[in-house]
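Okay, structure first, notes after.
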Amino acid sequence: MAKRAARPKEERIHRSSGNVFTDLGFPPEEAAHLLIRSDLLIQIERLLKERGLTQAKAAKLLGVSQPRVSDLVRGRIELFSIDTLVDMLARLGVSVTLRTRRSRRVA
Numbered sequence: 370m371a372k373r374a375a376r377p378k379e380e381r382i383h384r385s386s387g388n389v390f391t392d393l394g395f396p397p398e399e400a401a402h403l404l405i406r407s408d409l410l411i412q413i414e415r416l417l418k419e420r421g422l423t424q425a426k427a428a429k430l431l432g433v434s435q436p437r438v439s440d441l442v443r444g445r446i447e448l449f450s451i452d453t454l455v456d457m458l459a460r461l462g463v464s465v466t467l468r469t470r471r472s473r474r475v476a
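This is the structure we're talking about:
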């Protein structure tokens with residue numbers, strides 16, 4: 370008996386909310402924190418790469434251990450607070466500006 374080819378699943382395209390973490394189902398407050406931390410982490414990683422720093426040299430500059438830099442470049446976002454990431458950017462000579470706006474959802 371010949372096997373039938375599997376039918377492809379119907380794919381649906383959903384409009385993004387503008388926050389990938391919200392789209393993945395995280396609660397709104399957690400999604401907002403994750404988005405901020407991911408943006409900060411990406412900037413740090415970009416700066417380290419631009420400067421050609423080894424993890425050991427980056428660790429010294431950032432005032433952390435080399436394994437901590439490894440966590441950073443591997444995107445272990447859950448291990449870093451917003452404060453820690455802002456401090457790291459300051460050590461790299463970058464200031465962070467925070468903008469606020471009203472959300473669409475009001476309690």
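Just so it is clear: in the sequence shown, position 84 is 453 by the working numbering, and no numbers are missing. Where a beta carbon is used, it is the ideal one built from N, C-alpha and C, also for glycine. Remember, it's a predicted structure, so these values are computed and weren't measured experimentally.
Buried or exposed by the 16-neighbour rule on C-beta atoms within 10 Å, applied to residue i
{"i": "Ile477", "result": "Because residue 477 is not part of the residues shown, which for the chain are 370 to 476, the question remains open."}
{"i": "Ile413", "result": "buried"}
{"i": "Leu393", "result": "exposed"}
{"i": "Val438", "result": "buried"}
The alpha helix (DSSP H) enclosing residue i, as first and last residue numbers
{"i": "Ala425", "result": "Gln424 to Leu431"}
{"i": "Lys418", "result": "Pro397 to Glu419"}
{"i": "Phe449", "result": "Unbroken run through Phe449: none, as it is neither H nor E."}
{"i": "Thr466", "result": "Looking at the DSSP string, Thr466 is not in any alpha helix (DSSP H), and its letter there is neither H nor E."}
{"i": "Leu441", "result": "Gln435 to Val442"}
Contacts around residue i, its chain only, beta-carbon distance under 8 Å, and the 5 residues preceding and following it disregarded
{"i": "His402", "result": "Ile451"}
{"i": "Arg460", "result": "Leu430, Leu431 and Gly432"}
{"i": "Leu422", "result": "Leu430"}
Spatial neighbours of residue i in its chain, beta-carbon cut-off 7 Å, leaving aside the 5 residues before and after
{"i": "Leu448", "result": "Asp440"}
Checklist entry - Counting pairs of beta carbons, one from the region 372-388 and one from the region 415-426, are three or more of them closer than 8 Å? => result no
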